[in-house]
Amino acid sequence: MTMQRISRRRLSGLSLLGASLSGWLPRLAAQVQQSGQRPGRSCILLWMSGGPSQMETFDPHPGHENGGPTKSIETSVPGIRIAEHLPKLASQMQDLALIRSMTTKEGDHTRATYYLRTGYLPQGPLTYPALGSLVGRALQVEGADLPACISINPFRALSPAAFTAGFLGPAWSPLVVASDTNADGDVSFQVRNLKSAARLSGGQVDERLRLLGVLEQSFLADRPDAPGRSHLQSYERAVRMMRSESVEAFQLEQEDEVLREAYGRNPFGQGCLLARRLVERGVPFVEVSLSGLAGEAGPGWDTHADNFKAVGDLCGVLDPAWSTLLTDLRQRGLLENTLVIWMGEFGRTPKINDNSGRDHWPGSWSAVLGGGGIRGGQVWGSVSEDGMEVRENPVRVPDLMATICRALGLDPAATNLSSIGRPIPLADHGAVAIEQLLV
Amino acid sequence: MLKLVALLMGVCVCQPPQSVVRLSVAEAAAEVDRLFERSWQSAGVQPAERSSDEEFVRRLYLDLAGRIPAVSEVRQFLGDDRPDKRYELVDSLLDSPAFVRHFTILWRNALLPEAFNDLSSRQLLPGFEAWLWTQFSSGVPYDRMVRDLLTVRVDAGGADGVPALRTASSPAAFYAIRELRPENLAAGTSRAFLGVRLDCAQCHDHPFDRWKQGQFWSLAAFYSGFTPLDQAVRMQSAAGERRDSRTISIPDKGQTVEAAFLEGESPDWSSPRSAREVLADWVTSAKNPWFSRMAANRVWALFMGQGIVHPVDDFSENNPASHPEVLQLLADQLVAHEFDLKFLVRTITATRVYQLSSRQTDVSQSDPLHFARAAVRGLTPEQLFDSLAEATGYYQPYRSDNPFVISAETPRGTFLELFRDEGDSPLQKETTILQALAMMNGEFVDAATSLENSQTLGGLVEFPLMTDEERLETLFLAALSRRPLQSERVAMLQYVQQSEAAGVALADVFWALLNSSEFMLNH
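Heads up: the protein sequence lines correspond to chains R and L, in order. Quick note: the first sequence uses my numbering, first residue 913, plus one each step. Quick note: the second sequence uses my numbering, first residue 18, plus one each step.
Rendered as structure tokens:
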């Protein structure tokens, strides 16, 4: 049935149980390596909860009544113009490929979020893995200290299933990191429960782990089953992370003040900085959600009312963060191996509603790819004058997924075995990668 | 049709259902054991030993009460020397409210596997759970319970359909979660109650199985009276039901099909019944072999970790049963006992197979298909939290108006969310890093293992008349429902006696107990 999963577990289980089991945790603690992994390919997803307006970001329509008051500006690539709210990104256009012809039929937050984040429509009881779990699993390095998929400030309530590892199993579920903003406006991040209680001495924590080792030995020696092995493996990974130097990635105060400022002193900006620090330490997938201006949980881009001010404000957070991320990655030699994706679950209605807002619009909208594996400085697809329909090169969700896979060096047709034993390709059957966007 | 089914199950149809002899619990359990012993023999399998009383009492409480036993309950059971004490315990737990609560959660998970996928589905759960609670607490037979579910009046109440469904004690969530779409309802009905996965046949003829697209839509036609929720919202109309509708058109094919049962039989429309009533009568009929076998397989899987057909709702030619005769026996006896689920529970828990130890003594026990050793299974999030509460003496505050509504702000709510599992098989239960971190360092376990805040620990350390050895034993009973092994006793006592503060050292032991796989799994 689930042969792949079982054999994978058997292997790791054997290595764990092979040696003398007692004292495995303290031994492990001593073995924790200095961080010195060479980063392979990575992916950063900038996730725009609520569905960002294409008209106020990457596909402005000045002069048409649907365009509203939004003006367009020139970019570093002649002939490509984007909305006035993104001046810093405009100077980085050589590394970005705009897709202006995204099209789906899903106008509901729950279904659309699931679709864009997994590449599959919700169907029946099978839960598909989120992109981060798929990519994380495919690109993770054996023995890494940090998890394969890290999700910064996600807003999950509208579509919880879109934020899980689905049939890949909890071992690949995202490690969720939440931000904290103190009274002075300083943003910090922490993994929940990463530290032992303050009243415990280091020696006492070691003793606890030793006692746990005694118990695990008496139980697991005669019960070599998957749940026990997974328990042991997760505890090992958790302890490794608790003691790893790689968790200093979360210490943003190690960064230069000027750089922190450039990213923006807000949860999204500092989240992008954290993403760079994690990618630098070999984490294959990091996503940063922009849900609200101050990091509040919500579908921030769901601008049914007062669209122009709301999107302008959000872009004020997005523009410095994303453009600094690209510069920072480039300066550290990481950009050519790091794919950066910008998208939400759908776009907004070209027609402006009575509340100066724009409603859900899945038919013709924009997404952006940049950095590793992507041929920047171009626009793919276009919409009609009024923005109501795709005119050239429509891009369906599976096509986008296939393009993302290819940019990361993965075969979109490679399969994972689902829990019902059916092989499921990374990108849905019939997906066609957009060759013109790939290096 | 019987022939076809016989082929499918690999059994001969020498006994038509009406000639099935009604067996007692003891007779049925003995027959199950006889069949297993024969299959072990022919496969050269050496089954595990019988479980110890300590092993059994913990497993049974988790399976019937949804939590581990209290120290006093363990001591009482171990001290009981009646030979039939295991069956007595089954009976008394089956009568407890804890059983109703636990079965409510298990059947909610079984019947609404998609329930946690989005916010609006989650809001429908309390009403569904309240309905299940009523079924199990008043002992409604399984066939009647399913018939109620399949024929309930679905009054969507207003344009967005949802508010009315949210508050009522009703199985309507089964419909709302499937968005009142005929195709989703057909697929859901077929999986949940017949064990047949038709989902693929929705869009095309099934690639490996015999189901054709037309058969799928014929089943969907029984639900054709509904207007799907999203259409109703778009048209600003109430999602009323046309109860006599019995045809549906296959999308993108322009072909219209009439309602027909799974194997293509046409229903008898002569009596004045709605389409759903006609469907429900056929689904829940004692003569419908799919129905009783699916139920028997589901209950077996709840107690044994996996079905005789596995996955539990995938009966097909390509997925044969591991022990078809056992399944047939249980299905027949379920019918003979008027669909009394408790009869099945009593029978299964009375078998030698259920009462085997989980300790592996021979390599032939390693394949779960043989059921030659008790499975090591993951807990539901509810089982885990309620066991933690039991072990640590945490008092759970419930909301008085609806005990099923768990605020996300409580320790219980936080736990359930963190331990919610997407996986389908308890035999493949996986632990995440965040779960491990929460158990090791999280506030709840930390309070439970600190002398100031833990009920269990605080009381134990302050109680003057106990030796450290007795304290150690009590902690083992509280967390693992057993006394320490000699090797554990030596290692732990040495640690406690060498430390400067015995109380602090006992807290460390308790922490290790609660973080062990033995505590966090059923076995």
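Backbone N, C-alpha and C fix where the C-beta goes; we use that ideal spot for every residue, glycine too. As the structure is a computational prediction, the values presented were derived from the model and not from experiment.
7 Å CB neighbourhood of residue i in its chain, flanking five on each side removed
| i | result |
| --- | --- |
| Met-457 of chain L | Asn-532 |
| Arg-118 of chain L | Gly-83 |
| Ala-87 of chain L | Glu-407 |
| Gly-1289 of chain R | Val-989, Met-1005 and Gln-1006 |
| Ser-138 of chain L | Glu-131, Ala-132 and Ile-194 |
| Asn-336 of chain L | Val-326 |
| Phe-536 of chain L | Ala-496, Leu-497 and Leu-530 |
Whole-angstrom distance between residue j and residue i, CA atom to CA atom
| i | j | result |
| --- | --- | --- |
| Gly-1019 of chain R | Ala-46 of chain L | 54 Å |
| Leu-530 of chain L | Ser-235 of chain L | 55 Å |
| Ala-127 of chain L | Leu-110 of chain L | 22 Å |
| Val-1151 of chain R | Ile-194 of chain L | 40 Å |
| Thr-244 of chain L | Ser-1276 of chain R | 28 Å |
| Ala-185 of chain L | Phe-133 of chain L | 19 Å |
| Val-326 of chain L | Val-526 of chain L | 41 Å |
| Leu-344 of chain L | Ala-65 of chain L | 22 Å |
| Arg-1303 of chain R | Glu-1297 of chain R | 9 Å |
| Ser-534 of chain L | Ser-309 of chain L | 35 Å |
| Arg-17 of chain L | Leu-149 of chain L | This structure cannot settle anything about residue 17 of chain L, because the visible part of chain L is limited to 18 through 540. |
| Ala-1339 of chain R | Gly-952 of chain R | 22 Å |
| Ser-241 of chain L | Thr-1016 of chain R | 27 Å |
| Ser-965 of chain R | Cys-1227 of chain R | 11 Å |
| Leu-1322 of chain R | Ala-1050 of chain R | 8 Å |
| Gly-979 of chain R | His-973 of chain R | 4 Å |
| Thr-1215 of chain R | Asp-285 of chain L | 54 Å |
| Leu-11 of chain L | Val-300 of chain L | No answer is possible for residue 11 of chain L: it lies beyond the span of chain L, which begins at 18 and ends at 540. |
Contact under 8 Å by Cβ, residue i with residue j
| i | j | result |
| --- | --- | --- |
| Phe-1067 of chain R | Pro-1179 of chain R | no |
| Trp-959 of chain R | Glu-1347 of chain R | no |
| Phe-1131 of chain R | Ser-1331 of chain R | no |
| Val-37 of chain L | Ala-313 of chain L | no |
| Ser-1278 of chain R | Asp-1007 of chain R | no |
| Arg-390 of chain L | Gln-377 of chain L | yes |
| Val-1099 of chain R | Val-1089 of chain R | no |
| Thr-449 of chain L | Ser-1146 of chain R | yes |
| Arg-1188 of chain R | Leu-1124 of chain R | no |
| Ala-209 of chain L | Asp-330 of chain L | yes |
| Gly-963 of chain R | Met-1313 of chain R | no |
| Ala-189 of chain L | Val-213 of chain L | no |
Nonlocal neighbours in the same chain, by C-beta distance under 6 Å from residue i, ignoring five residues either side
| i | result |
| --- | --- |
| Leu-1033 of chain R | Tyr-1027 |
| Leu-296 of chain L | Phe-239 |
| Leu-21 of chain L | Only weak support exists for where Leu-21 of chain L lies, its pLDDT of 45 falling under 50; the value from the coordinates is given anyway. Excluding residues within five positions, none has a Cβ falling inside 6 Å. |
| Arg-1318 of chain R | Ala-1345 and Leu-1350 |
| Phe-1197 of chain R | Cys-955, Gly-1044, Val-1047, Gly-1048 and Cys-1061 |
| Met-1300 of chain R | Pro-1262 |
| Val-42 of chain L | Arg-363, Thr-364 and Ala-367 |
| Met-1014 of chain R | Trp-1277, Ala-1279 and Val-1307 |
| Asp-1311 of chain R | Ala-1343 and Val-1344 |
Proximal chain C residues relative to residue i, where beta-carbon distance stays under 7 Å
| i | result |
| --- | --- |
| Trp-528 of chain L | Absent here is chain C; the protein component of the structure consists of chains R and L. |
Other residues of its chain near residue i: CB distance less than 8 Å, five sequence neighbours each side excluded
| i | result |
| --- | --- |
| Leu-562 of chain L | Since the first residue of chain L shown is 18 and the last is 540, residue 562 of chain L is not available in this structure. |
| Glu-48 of chain L | Leu-40 and Leu-346 |
| Ala-1073 of chain R | Tyr-1026, Pro-1034 and Thr-1039 |
| Phe-1220 of chain R | Glu-968, Gly-980, Pro-981, Thr-982 and Ser-1268 |
| Val-1191 of chain R | Pro-951, Ser-954, Ile-956, Val-1198, Leu-1241, Leu-1246 and Thr-1250 |
| Met-984 of chain R | Met is not the amino acid found at residue 984 of chain R; the sequence shown has Ser there. Closer than 8 Å at Cβ, skipping near neighbours: Pro-972, Pro-974, Arg-993, Ile-994, Ala-995 and Glu-996. |
Segment contact, 8 Å Cβ cut-off, at least three pairs: the stretch 1011-1031 of chain R with the stretch 1163-1170 of chain R: Cβ pair count under 8 Å is below three, so no.
Three CB pairs or more closer than 8 Å across the stretch 95-106 of chain L and the stretch 147-160 of chain L: The stretch 95-106 of chain L makes no contact with the stretch 147-160 of chain L; the number of CB pairs closer than 8 Å stays below 3.
Cβ-based contacts, 7 Å cut-off: residues of the stretch 1168-1201 of chain R near chain L: Considering only beta carbons, no part of the stretch 1168-1201 of chain R lies closer than 7 Å to chain L.
Under 7 Å (Cβ pairs) to chain L, residues found in the stretch 1121-1132 of chain R: Within the stretch 1121-1132 of chain R, the residues whose Cβ lies closer than 7 Å to some Cβ of chain L are Leu-1123, Leu-1124, Val-1126, Leu-1127, Glu-1128, Ser-1130, Phe-1131 and Leu-1132, listed in chain order.
Cβ contact check for the stretch 1201-1218 of chain R and the stretch 1125-1144 of chain R: 3 or more pairs under 8 Å: Contact fails: fewer than three Cβ-Cβ distances are below 8 Å.
Chain R contacts from the stretch 280-293 of chain L (Cβ-Cβ distance under 7 Å): Correct list: empty, as no residue qualifies.
The stretch 501-515 of chain L / the stretch 452-467 of chain L touching (three or more Cβ pairs under 8 Å): Not touching, per the Cβ criterion.
contact_flag[the stretch 1224-1234 of chain R, the stretch 1261-1276 of chain R] where n(CB pairs < 8 Å) is 3 or more: In this structure the stretch 1224-1234 of chain R does not touch the stretch 1261-1276 of chain R; the number of beta carbon pairs closer than 8 Å is below three.
Contacting positions in the stretch 388-418 of chain L - beta carbon closer than 8 Å to chain R: Under the 8 Å Cβ criterion, the stretch 388-418 of chain L contributes Ala-392, Val-393, Arg-394 and Gly-395.
Chain R contacts from the stretch 122-152 of chain L (Cβ-Cβ distance under 7 Å): Hits within the stretch, in order: Pro-130, Glu-131, Phe-133, Asn-134, Asp-135 and Leu-136.
Chain L contacts made by the stretch 952-984 of chain R, where a contact means CB separation under 8 Å: Under the 8 Å Cβ criterion, the stretch 952-984 of chain R contributes no residue.
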